[in-house]
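For reference, the structure is listed below as structure tokens.
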Amino acid sequence: MALHLVKLCVGCDSVKELQDWIRQRLAEKKKRGETPEHIHTTRMMPKRGEELVAGGSLYWVIRGEILCRQKLTAIRPFVDKDGIGRCRLVLQPKVVLVRPRPCRAFQGWRYLAEKDAPADLDRAAPGARDMPEQMRRELRELGLL
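To convert a position in the sequence shown, counted from 1, into this note's numbering, add 287.
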């Protein structure tokens, strides 16, 4: 059974904004001749890293809801220029929409068990992935999605 992380997507107001940001960062890395991989840096190193990279994902909370996920491929610990231990979460650039679920704000990241993880949107509501995000939000608020 896979283990996941959940984290607030600070600074993003929509899944599209996250996708655009990822595309832009990858293009910048490629232009500089760096490996075009999507990395998210965090302060705390997950103690259960092996479980996370064995099929886990990072679920993103956007505007108070878990809305999407990215598959976690590696965790790389490092020490920054100030001597503070950090880690790089290496993620697949593909963003997978999930069945939205409310989530209160918190600091850092939290573990998320497979049984508690929201289902991918394609399985939970076939065809909803092709709708604009605002339409999906309004349909959810009306109880229709």
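Quick reminder that beta carbons are idealized off the backbone N, C-alpha and C, glycines included.
Relative to the Cα of L426, the nearest Cα in the group K358, P387 and Q379 belongs to P387. The closest CA to that of L295, considering only Q394, A400 and I371, is found on Q394.
Between E337 and Q357, the alpha-carbon positions lie close to 17 Å from each other. When the Cα atoms are used, G342 and K381 turn out to be separated by approximately 15 Å. The alpha-carbon separation between P323 and D307 amounts to approximately 15 Å. Rounded to the nearest whole angstrom, the C-alpha separation of T329 and L408 is 27 Å. The straight-line gap separating the alpha-carbon atoms of T360 and L429 is approximately 37 Å. Ranking V293, R373 and S301 by CA distance to the CA of M422 puts S301 first. Here I353 is near C390, since their CB atoms are less than 9 Å apart.
Between A289 and the set R424, E420 and D403, the nearest pair of CA atoms involves D403.
Assignment of G395 by DSSP, reduced to helix, strand and coil, places it in the coil class. Shortest Cα-Cα distance from A392 to any of L378, V366, I349 and L384 involves I349.
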